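K.L.:
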Amino acid sequence: MKNSVPRSSAVGLPADPPRRSHPHPWRVSLVIFLTVGLLIGGYIFWEPSQSLVERLPGLAQSLLTEQVLYFALAGFVAQIVDGALGMAYGISSTSILLGMGISPALASASVHVSEVFTTGISGLSHLRLGNVNRRLFRSLVLPGVVGAVVGAYVLTNLDEQVIKPFVGVYLLVMGMVVLRKAFRPQPENPSRAWRHLPRLALFGGFLDAVGGGGWGPIVASTLLTKGHLPRFTIGSVNLAEFFVAVAGAGTFVALIGTGNWQIIVGLVVGGSLAAPFAAHLARKFSTQTLLVLVGSVIILLSLRTLFLFFR
Numbered sequence: 005m006k007n008s009v010p011r012s013s014a015v016g017l018p019a020d021p022p023r024r025s026h027p028h029p030w031r032v033s034l035v036i037f038l039t040v041g042l043l044i045g046g047y048i049f050w051e052p053s054q055s056l057v058e059r060l061p062g063l064a065q066s067l068l069t070e071q072v073l074y075f076a077l078a079g080f081v082a083q084i085v086d087g088a089l090g091m092a093y094g095i096s097s098t099s100i101l102l103g104m105g106i107s108p109a110l111a112s113a114s115v116h117v118s119e120v121f122t123t124g125i126s127g128l129s130h131l132r133l134g135n136v137n138r139r140l141f142r143s144l145v146l147p148g149v150v151g152a153v154v155g156a157y158v159l160t161n162l163d164e165q166v167i168k169p170f171v172g173v174y175l176l177v178m179g180m181v182v183l184r185k186a187f188r189p190q191p192e193n194p195s196r197a198w199r200h201l202p203r204l205a206l207f208g209g210f211l212d213a214v215g216g217g218g219w220g221p222i223v224a225s226t227l228l229t230k231g232h233l234p235r236f237t238i239g240s241v242n243l244a245e246f247f248v249a250v251a252g253a254g255t256f257v258a259l260i261g262t263g264n265w266q267i268i269v270g271l272v273v274g275g276s277l278a279a280p281f282a283a284h285l286a287r288k289f290s291t292q293t294l295l296v297l298v299g300s301v302i303i304l305l306s307l308r309t310l311f312l313f314f315r
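Right under this line is the structure:
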């Protein structure tokens with residue numbers, strides 16, 4: 005009988021650990037959906053001049069349009085990318101919306117609010133499939149939230165174009181490093197990187213709010229280059245991203261308001277449908293395949309950022 009060798013070990017990468025479900029998935033799911041409910045309620049009652057009953061007919065009519073289907077398709081595509089690779093929902097969905105003729109300000113506001121819903125469902129899917137490392141998640145979530153709040157505040161007073169080229173170069177380098185690790189892996193000790201996680205999450209949350217996306221590319225790609233397994237990196241980063249999205253969206257709504265509900269509902273519906281499928285992709289892909297996909301996406305997105313800045 006032939007010996008069975010894990011595919012990840014065959015290329016010199018750490019072997020995937022046994023797959024186990026999270027011991028308390030419903031606790032986290034309760035927190036997730038309570039937070040989403042509070043955010044929805046806060047927005048619905050944000051305008052005291054109209055009652056909820058008076059607003060419902062116009063809201064329902066505005067959502068039953070063909071345009072909402074296109075927004076849903078944009079959300080579906082962006083969430084497939086984000087849920088499977090642990091990154092790029094904000095960048096992907098914003099790019100698609102801009103291509104549809106939506107203004108940058110409206111696209112950014114809508115994407116930040118919709119991320120609360122899509123990242124909540126995506127994070128819960130990863131949690132139930134056992135893709136979340138609790139220690140990694142706890143190390144990321146609080147600094148990421150702080151960074152998102154600070155970044156959203158700074159963006160209202162600072163031109164985001166100042167920081168875009170630096171982020172683009174950083175992501176380009178990270179993408180190349182991830183690809184190199186997939187084909188010419190250099191074993192590292194992930195424990196050496198734990199003490200740097202709060203700073204990484206703070207930096208990632210800040211740039212995600214300032215640049216309209218980037219939590220996944222910055223945090224996930226850096227962790228992958230330090231030897232963390234893609235499956236647990238992607239799952240933990242996705243779950244932490246929900247809380248980062250809540251913090252960023254709440255700050256944006258408080259400071260500058262939000263986009264229209266047509267875009268938000270379309271993105272949420274499309275992303276919600278895609279999230280469970282994306283989580284299964286992250287669980288079933290081999291370590292090497294995920295590294296190749298993640299590295300390629302990072303490089304393409306960073307090149308696009310630099311091209312748009314310097315053209």
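If you read the sequence shown in the working numbering, its first letter stands for residue 5, the second for the next number, and so on. Where a beta carbon is used, it is the ideal one built from N, C-alpha and C, also for glycine. Values in this document were obtained by computation on a predicted structure and should not be read as measured data.
Thinking Thr98 and Gly216 are a contact (beta carbons under 8 Å), I'd like their distance in whole angstroms, please.
P.N.:
Contact check for Thr98 and Gly216: beta-carbon distance about 5 Å, within the 8 Å limit, so the pair qualifies.
K.L.:
Whose CA, out of Arg203, Gly220, Gly155, Ala111, lies closest to the CA of Gly239?
P.N.:
The shortest C-alpha to C-alpha distance from Gly239 to any of Arg203, Gly220, Gly155, Ala111 is the one to Gly220.
K.L.:
Tell me the rounded alpha-carbon separation between Ser118 and Val181.
P.N.:
31 Å
K.L.:
Does the CB of Thr309 have a neighbour CB from chain D at under 8 Å?
P.N.:
Looking for chain D here will not work: only one protein chain is present.
K.L.:
Tell me which residues share the same chain as Leu159 and place their Cβ nearer than 7 Å to its Cβ, disregarding the 5 neighbours each side in the sequence.
P.N.:
Ala213, Val214
K.L.:
Between Leu204 and Thr226, is the Cβ-Cβ spacing less than 8 Å?
P.N.:
yes
K.L.:
Check each candidate in Lys230, Val241, Val115, Tyr93 and name the one with the smallest Cα separation from Leu139.
P.N.:
As written in the sequence, residue 139 is Arg, which differs from the Leu given in the question. For the residues Lys230, Val241, Val115, Tyr93, the minimum Cα distance to Arg139 belongs to Val241.
K.L.:
Measure the C-alpha to C-alpha separation of Gly275 and Asn161 and round it to an integer number of angstroms.
P.N.:
30 Å
K.L.:
Can you tell me the Cβ-Cβ gap for Gly79 and Leu271, rounded? I've got them flagged as a contact below 8 Å.
P.N.:
4 Å
K.L.:
Relative to the C-alpha of Leu77, which residue among Ile268, Gly151, Phe210, Gly127 is closest?
P.N.:
Ile268
K.L.:
For Thr122 versus Tyr93, is the C-beta spacing smaller than 8 Å?
P.N.:
Yes.
K.L.:
According to DSSP, is Leu211 helix, strand or coil?
P.N.:
helix
K.L.:
Going by C-alpha distance, which of His130, Leu183, Val150, Ile106 is nearest Leu297?
P.N.:
Of His130, Leu183, Val150, Ile106, the smallest CA-CA separation from Leu297 is found for Leu183.
K.L.:
By the three-class DSSP mapping on this structure, what secondary structure does Ile267 have?
P.N.:
helix
K.L.:
First and last residue of the alpha helix (DSSP H) that includes Arg142?
P.N.:
Note, Arg142: alpha helix (DSSP H), 138-159.
K.L.:
Which residue from Ile100, Gly218, Ile303, Val149 puts its Cα closest to that of Pro202?
P.N.:
Considering only alpha carbons, the answer is Val149.
K.L.:
Measuring CB to CB, does Ala113 end up less than 8 Å from Phe256?
P.N.:
yes
K.L.:
Count the other C-beta atoms from every protein chain shown that fall within 10 angstroms of the C-beta of Thr69, then say buried if there are 16 or more, exposed otherwise.
P.N.:
Answer is exposed; the Cβ neighbour count stays below 16.
K.L.:
Restricting to Cα atoms, I'd like to know which of Asn137, Val223, Phe141, Leu146 is closest to Tyr174.
P.N.:
Residue nearest to Tyr174 within the set Asn137, Val223, Phe141, Leu146 is Val223 (criterion: CA-CA distance).
K.L.:
Rounded to the nearest angstrom, what separates Gly172 and Phe210 at their Cα positions?
P.N.:
15 Å
K.L.:
Spatial neighbours of Leu307 within its chain, please: CB distance less than 7 Å, with the 5 preceding and 5 following residues excluded, ordered by chain position.
P.N.:
Setting aside the 5 residues that flank it on each side, Leu307 is surrounded in the same chain by Leu176, each with a C-beta closer than 7 Å to its C-beta; the list follows chain order.
K.L.:
Going by beta carbon distance, what residues of the same chain come within less than 6 Å of Ile84, once the five residues before and after it are set aside?
P.N.:
Within the same chain, Ile84 has close Cβ partners Ala278, Ala282.
K.L.:
Less than 8 Å between the C-beta atoms of Gly252 and His116, yes or no?
P.N.:
yes
K.L.:
Using 8 Å as the threshold, is the C-beta distance between Asn135 and Phe289 below it?
P.N.:
no
K.L.:
DSSP three-state call for His284: helix, strand or coil?
P.N.:
In the structure shown, His284 falls within a helical segment according to DSSP collapsed to helix, strand and coil.
K.L.:
Among residues of its own chain, excluding the 5 on either side of Ser143, which ones have a beta-carbon nearer than 6 Å to its beta-carbon?
P.N.:
Leu201
K.L.:
By Cβ distance, which residues of its chain are closer than 6 Å to Asp86, with the 5 residues on each side in sequence left out?
P.N.:
Spatial neighbours of Asp86 in its own chain (CB-CB distance under 6 Å, excluding positions within 5 residues in sequence) are listed in chain order as Ala92, Tyr93.
K.L.:
Thinking just about the alpha-carbon of each residue, which of Phe170, Asn137, Ala249 is nearest to the one in Pro234?
P.N.:
Asn137
K.L.:
Within 10 angstroms of its Cβ, does Ile125 collect 16 or more other Cβ (buried), or is it exposed?
P.N.:
So Ile125 ends up on the buried side.
K.L.:
Look at the alpha carbon of Val81 and the alpha carbon of Arg287, and state the distance between them as a whole number of angstroms.
P.N.:
19 Å
K.L.:
Could you check whether Leu228 and Leu133 sit closer than 8 Å to each other, using their CB atoms as the reference points?
P.N.:
Going by C-beta atoms, Leu133 is not nearer than 8 Å to Leu228.
K.L.:
Determine the burial state of Leu73: buried for a count of at least 16 other Cβ atoms within 10 Å of its Cβ, exposed for fewer.
P.N.:
Only exposed fits Leu73, as fewer than 16 other CB atoms lie within 10 angstroms of its CB.
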